[in-house]
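Okay, structure first, notes after.
Numbering (the numbering used here), first residue to last: 1455 to 1670.
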């Protein structure tokens, strides 16, 4: 495995099309980052769920996944499953996020996601954030779109367990769904751990990376 050690991380942006996307795709990474960097600024944008029980779930969940962080959460009111029809609204929300923060790292959906909302948001992120490190997270789902990610964040076993516990605790509205399952979340983390020679991991898609081989 080849390690990528970014510079100092002081500001990160996390984006999700729906409440729970960020926590499912990158909850362990957020727990790891926030534990290592107390006070890190985390700016979260979620496009849908605003004004419903899901917004309350999301705010409580992100607070739990970002302990000690300077957390700011925006939850929009776009209808679930309709991002392509609300493209201008979604693009405005992403561009407004860019006005609020120039992050050292962005966690967002990846462009190969089969869900149109996830995929659309992934496409919008790189139109607004052109010179930033963007890691595209994955979400296990019925569509069967899990692929071959190329970046991994190892998770300590306690962090992997905490992620699953927090998901179950903070998203009661999703427990009835067949894909919202402790074994599914733990199993995927174990598989990604095997792929990067550790016990558990979260995996990401890295689209662009500029090298500095001279160390300047």
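C-beta: ideal position from N, C-alpha, C; glycine also.
Leaving out five residues before and five after residue i in sequence, what residues of the same chain have Cβ atoms less than 8 Å from its Cβ?
i: residue 1598; result: 1568
i: residue 1521; result: 1485, 1488 and 1489
i: residue 1557; result: 1465, 1466, 1467, 1497, 1583 and 1586
What residues in its chain sit with their C-beta under 6 Å from that of residue i, if we drop five residues either side in the sequence?
i: residue 1513; result: 1527
i: residue 1672; result: Nothing about residue 1672 can be read from this structure; the chain reaches only from 1455 to 1670.
i: residue 1642; result: 1594
Exposed or buried, residue i, counting other C-beta atoms within 10 Å across all chains shown (16 or more means buried)?
i: residue 1603; result: buried
i: residue 1471; result: buried
i: residue 1700; result: Because the chain spans 1455 through 1670 in this model, residue 1700 falls outside it and cannot be assessed.
i: residue 1550; result: exposed
i: residue 1631; result: exposed
i: residue 1571; result: buried
i: residue 1585; result: exposed
i: residue 1531; result: exposed
i: residue 1645; result: exposed
i: residue 1667; result: exposed
i: residue 1505; result: exposed
i: residue 1477; result: buried
Nearest-angstrom Cα distance between residue i and residue j?
i: residue 1621; j: residue 1574; result: 24 Å
i: residue 1482; j: residue 1533; result: 27 Å
i: residue 1525; j: residue 1465; result: 10 Å
i: residue 1590; j: residue 1547; result: 18 Å
i: residue 1619; j: residue 1627; result: 15 Å
i: residue 1565; j: residue 1492; result: 31 Å
i: residue 1607; j: residue 1650; result: 9 Å
i: residue 1503; j: residue 1462; result: 33 Å
i: residue 1592; j: residue 1669; result: 32 Å
Could you name the residues of the same chain whose beta carbon sits closer than 7 Å to that of residue i, not counting the 5 residues immediately before and after it, in chain order?
i: residue 1588; result: 1560, 1562, 1579, 1580 and 1661
i: residue 1680; result: Residue numbering for the chain in the displayed model covers 1455 to 1670; residue 1680 lies beyond these limits and cannot be assessed.
Which runs of the alpha helix (DSSP H) spanning at least 4 residues fall entirely within the segment 1602-1644, listed in chain order? 1611-1624
Does the segment 1534-1541 touch the segment 1609-1617, meaning 3 or more C-beta pairs lie closer than 8 Å? no
What residue ranges within the segment 1543-1590 form continuous alpha helix (DSSP H) runs of no fewer than 4 residues, ordered along the chain? 1570-1582
What are the complete beta strand (DSSP E) segments, minimum 3 residues, inside the segment 1455-1510? 1465-1470 and 1495-1500
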